[in-house]
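**Student:**
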Amino acid sequence: MSRPQRHASPPRRRRRLTRRALLDLLLVSLSAILTFTAFPTAFAPEVDLFYLIWFSHVPLLWVLRDKAPKAAFYWGWLAGTLINVGGYHWLAEMLETFGHLPSPIAWLLMILHGAWMGVLWALWAFLVNRIVNTTRVPLEWAAPLAMVAVEIAVPRIFPAYMGNSQASFPLVMQVVDLLGVPAVTFLIYRVNAVLYLWVRAKLEGRRPPMRATKVTAVMLAVVFLYGGARMYQIDRRMADAPKLRLGIVEADVGIFQKEPEENIQNHLLKLQRLSAQAEAEGAELILWSESAYRFEAIPRHARHVAPSKAALVKDYRQDIIKPTPISERAAPIRGFKTPLIFGGTSLEPRATPRWEGDAPFNPYNSAWLLAEDGAVLGRYDKVKPLVFGEYIPFVEYFPWIYKYIPTAGNLEAGTEVKVMETTRWGEPVRLAVSICYEGILSSFMRSFSGQSPHLIINMTNDDWFGQTAERYLHLILAMPRAIEHRLAMARPTLTGVSAFIDANGRLIKQTRPTGAETLLWSAPLLQSQTLYQLIGEAFAYFCLLLTLGLYLWGRWRRR
């Protein structure tokens, strides 16, 4: 039999298809905007739009409702790309400023990053399409299962969950101490699916999704009741716990590449003067940020960093005129006597260079805990350096890349996750100190839980990203660690936003995005054991296995 000839679509049909495509594009763009504005944007912190995420995917689900699997994949990919270009637009500025890349190249790399991140939504849309259309599993279950699955399965440089958007909604975030942030993601997509079903029922005259609505209402009620009860319980524990008066010092002297000479020369003096001020206000432990100390590198295995005997001055020129010996000017502790935690570079001699022209030492991104007499009570070397920012994979095979990207790091990774320990009134106080990027890695932070810390300290340098929403995004990605471990958290940053977070995940105090300042808080010293510490991301991996099982079951049924 001969194949029937295909006739060209009538003009009216073409116009209808074009209008449908334009409407789909508009709805996908709307979903993208609602999603990325639920996270910190240029409006932050004055405008917090976290609630938008609860209905952000309704337009996207409408677009996907009658799409073939391949079309669902590509529409999901477009949505995810737009979400991540909008959410990570600040990457272009960072690449241009510190990577010294031409603006078009920086923007292209940012868009490519967005396209890779968009694969999450492409896979989500495809999996939801297949599961709903090939099994008996309804949308209100398939949508949340699939999103939790792809969030845990797809590798990313910056692992952010949709549930992180709810950092300002502590009542719903309390389930994090049971199942982690993916549990909040699940709830968000469950609500989105049910709202979409109501919209579709209204527009197409279908039966309202009463059963799905009732089940979702019960889920929300259980989460809210648990959240309220748990917050009350932890509030009581924090009130009764011994306190440690913490003083965060933020000198607001950023990366030297873009700072005036005056700030560069005075950066250590500014930290010391603010530390003396925090000490006068009762600080029992002073916290500086990652990379705060930049006068010189410190030997990695130093056991003592002597305090300065020189009087504290206001300006570096006074030290030159006196003159103050370099050894006295280089001391971190000067003009105050309170124990200090600070970030800086430590060096360890290397017997063999990694490549021709390599320096004869290994540099580490380190945090130090000094007693008032300068004794080193603890040192932590960053175990999870940021790829491309702090190290380049396999760079020993192409070291010439540093000629083109001179700001790329060559730091060695630390090898041990260990709490630091100080004393308060003769009792030990254990501190889980992490550096920058490590604070958003929930699985990594679980490494501290077996050591019974009393307090989380996440020292950070966000100045690489300039005055952008990244500073607030980084903050909300780190905040759930306080709930997961039911410990108070201090987050000193180089140039803002520094913050204190209590064990219920509430933002207690924060600094302004600009300007030197101190922040003081009497932090409760707790020790907790949570279900999340025991099972980690088990819920997310269960969703992943269930999603894959449903997809394969659907394929088998259609054979």
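Heads up: take any position in the sequence shown, counting from 1, add 3, and you land on my numbering.
Glycine included, each C-beta is placed from N, C-alpha and C at the ideal position.
For V379, write down the residues that DSSP places opposite it in a beta bridge.
**Tutor:** Residue numbering aside, residue 379 sits at position 376 when the sequence shown is read from its first letter. Paired residue(s): L373.
**Student:** Give the secondary structure of G346 by DSSP, where H, G and I count as helix, E and B as strand, and everything else as coil.
**Tutor:** As a position in the sequence shown, residue 346 is number 343, starting the count at 1. G346 falls in the strand class under three-state DSSP.
**Student:** Assign R427 to one of three DSSP states: helix, strand, or coil.
**Tutor:** In the sequence shown, residue 427 corresponds to position 424, counting from 1. Strand.
**Student:** Starting from the C-beta of V31, find all residues in its chain whose C-beta is less than 8 angstroms away, skip the five residues before and the five after it, and write them out in chain order.
**Tutor:** On the sequence shown, residue 31 is found 28 positions in, with the first residue counted as 1. Hits under 8 angstroms: P62, L63, V66, W78, L81, A82, L85.
**Student:** Considering only their Cβ atoms, is the gap separating A125 from F76 smaller than 8 angstroms?
**Tutor:** Translated into positions along the sequence shown, residue 76 becomes position 73. Translated into positions along the sequence shown, residue 125 becomes position 122. Contact flag set, yes.
**Student:** Count the C-beta pairs between the region 283 to 292 and the region 510 to 525 that are closer than 8 angstroms, then say yes if the count reaches three, no if not.
**Tutor:** A contact exists between the region 283 to 292 and the region 510 to 525.
**Student:** Given a threshold of 16 other Cβ atoms within 10 Å of its Cβ, counted over all protein chains shown, does M234 qualify as buried or as exposed?
**Tutor:** For this step, residue 234 is matched to residue 231 along the sequence shown. Answer is buried; the Cβ neighbour count reaches 16.
**Student:** Given a cut-off of 8 angstroms, decide if F339 and Y296 are closer than it, judged by their beta-carbon atoms.
**Tutor:** In the sequence shown, residue 296 corresponds to position 293, counting from 1. In the sequence shown, residue 339 corresponds to position 336, counting from 1. Taking 8 angstroms as the Cβ cut-off, Y296 and F339 do not qualify as a contacting pair.
**Student:** Just reading off the alpha helix (DSSP H) that M165 is part of, what are its end residues?
**Tutor:** In the sequence shown, the residue the question calls residue 165 occupies position 162. Counting along the chain, M165 falls outside any alpha helix (DSSP H), and DSSP gives it neither H nor E.
**Student:** Just reading off the beta strand (DSSP E) that N461 is part of, what are its end residues?
**Tutor:** The residue you call residue 461 lines up with position 458 of the sequence shown. Element bounds for N461: 458 to 462.
**Student:** Using the Cβ count rule (16 or more neighbours within 10 Å means buried), how would you classify A270?
**Tutor:** Your numbering for residue 270 matches position 267 in the sequence shown. This sequence places His at residue 270; Ala is not what is there. Classification of H270: buried, given that the 10 Å Cβ count is 16 or more.
**Student:** Between G412 and P363, what straight-line distance do the alpha-carbon atoms span, to the nearest angstrom?
**Tutor:** Translated into positions along the sequence shown, residue 412 becomes position 409. Translated into positions along the sequence shown, residue 363 becomes position 360. Cα-Cα distance, rounded: 16 angstroms.
**Student:** Reducing DSSP to helix, strand and coil, say where E293 ends up.
**Tutor:** Residue 293 sits at position 290 when you count from the first residue of the sequence shown. It is coil, neither helix nor strand.
**Student:** Got a sec? Which residues, its chain only, sit under 7 angstroms from S34 by beta carbon, not counting five neighbours each side?
**Tutor:** Counting from one through the sequence shown, the residue named residue 34 turns up at place 31. Excluding sequence neighbours, S34 sits near S59, H60, P62, L63, A82.
**Student:** DSSP state of W524, grouped into three classes?
**Tutor:** Here residue 524 is taken as the residue at index 521 of the sequence shown, counted from 1. Strand, per DSSP.
**Student:** Just verifying my parser: in three-state terms, what is the DSSP assignment at M482?
**Tutor:** For this step, residue 482 is matched to residue 479 along the sequence shown. Correct three-state label for M482: coil.
**Student:** Would a C-beta distance cut-off of 8 angstroms place Y367 and T348 closer than the cut-off?
**Tutor:** Within the sequence shown, residue 367 is the residue found at index 364, counting from 1. Within the sequence shown, residue 348 is the residue found at index 345, counting from 1. Yes, the Cβ-Cβ distance between Y367 and T348 is below 8 angstroms.
**Student:** Any idea which residues DSSP pairs A502 with across the strands?
**Tutor:** As a position in the sequence shown, residue 502 is number 499, starting the count at 1. Bridge partners of A502: R494, Q513.
**Student:** Within 10 Å of its beta-carbon, does H457 have 16 or more other beta-carbons around it, so buried, or fewer, so exposed?
**Tutor:** As a first step, residue 457 must be located in the sequence shown, where it is residue number 454. Buried, by the Cβ-count rule.
**Student:** Specify the secondary structure class of G102 as computed by DSSP and reduced to three states.
**Tutor:** Taking the sequence shown and counting its residues from 1, the one referred to as residue 102 is at position 99. DSSP places G102 in coil when its eight states are reduced to three.
**Student:** For R474, is the classification buried or exposed, using 16 other Cβ atoms within 10 angstroms of its Cβ as the cut-off for buried?
**Tutor:** The count along the sequence shown starts at 1 and reaches residue 474 at position 471. Label assigned to R474: buried.
**Student:** What separation, rounded to the nearest whole angstrom, lies between the Cα atoms of P7 and R16?
**Tutor:** Here residue 7 is taken as the residue at index 4 of the sequence shown, counted from 1. Here residue 16 is taken as the residue at index 13 of the sequence shown, counted from 1. Low confidence applies here, because P7 scores a pLDDT of 46, under 50, leaving its location unreliable; read the following figure in that light. One C-alpha to the other measures close to 20 angstroms.
**Student:** Quick one: using the 10 Å Cβ neighbour count with 16 as the cut-off for buried, is T517 buried or exposed?
**Tutor:** Residue numbering aside, residue 517 sits at position 514 when the sequence shown is read from its first letter. That one is exposed.
**Student:** Closest to Q321 by C-alpha separation, out of L272, G360, L290, L373, would be which residue?
**Tutor:** As a working note, residue 321 is residue 318 in the sequence shown. Comparing Cα-Cα distances from Q321 to each of L272, G360, L290, L373, the minimum goes to L272.
**Student:** Where does A435 fall in DSSP's three states?
**Tutor:** Taking the sequence shown and counting its residues from 1, the one referred to as residue 435 is at position 432. Strand.
**Student:** Are the CB atoms of P342 and T425 nearer to each other than 8 angstroms?
**Tutor:** On the sequence shown, position 339 is the one that residue 342 refers to. On the sequence shown, position 422 is the one that residue 425 refers to. It is a contact, given that the beta carbons lie within the stated cut-off.
**Student:** Measuring CB atoms only, is the region 477 to 488 touching the region 176 to 190, in the sense that at least three cross pairs come out at less than 8 angstroms?
**Tutor:** Touching, yes.
**Student:** Taking E143 as the reference, which of A220, L98, L548 has the closest Cα?
**Tutor:** Taking the first residue of the sequence shown as 1, we reach residue 143 at position 140. For E143, the nearest C-alpha among the options comes from A220.
**Student:** Between Y440 and R210, what straight-line distance do the alpha-carbon atoms span, to the nearest angstrom?
**Tutor:** Along the sequence shown, read from residue 1 onward, the residue named residue 440 stands at position 437. Along the sequence shown, read from residue 1 onward, the residue named residue 210 stands at position 207. About 48 angstroms.
**Student:** Quick check: what's the CA-CA separation for N507 versus V197?
**Tutor:** Here residue 507 corresponds to residue number 504 of the sequence shown, with the count starting at 1. Here residue 197 corresponds to residue number 194 of the sequence shown, with the count starting at 1. Spanning the two alpha carbons is a distance of roughly 29 angstroms.
**Student:** Specify the secondary structure class of R595 as computed by DSSP and reduced to three states.
**Tutor:** The shown model of the chain, from 4 to 562, leaves out residue 595, and the question about it has no answer.
**Student:** Under 6 angstroms Cβ to Cβ from S278, same chain only, skipping five residues before and after it: list those, please.
**Tutor:** In the sequence shown, counting from the first residue as 1, residue 278 sits at position 275. Answer for S278: V252, I289, F339, listed in chain order.
**Student:** On the three-state DSSP scale, how would you describe P13?
**Tutor:** Within the sequence shown, the letter at position 10 stands for residue 13. In this structure, P13 counts as coil in the three-state DSSP scheme.
**Student:** Give me the residue from G117, A118, E96, F172 with the minimum Cα distance to A109.
**Tutor:** Start at 1 with the first residue of the sequence shown, and residue 109 comes out as number 106. Closest option to A109, Cα to Cα, is E96.
**Student:** Take Y229 as the anchor and find which of E265, L174, L510 has the nearest alpha-carbon.
**Tutor:** Here residue 229 corresponds to residue number 226 of the sequence shown, with the count starting at 1. Nearest C-alpha to Y229: L174.
**Student:** Look up H627 in the DSSP assignment and say whether it is helix, strand or coil.
**Tutor:** With the chain covering 4 to 562 only, the question about residue 627 has no answer from this structure.
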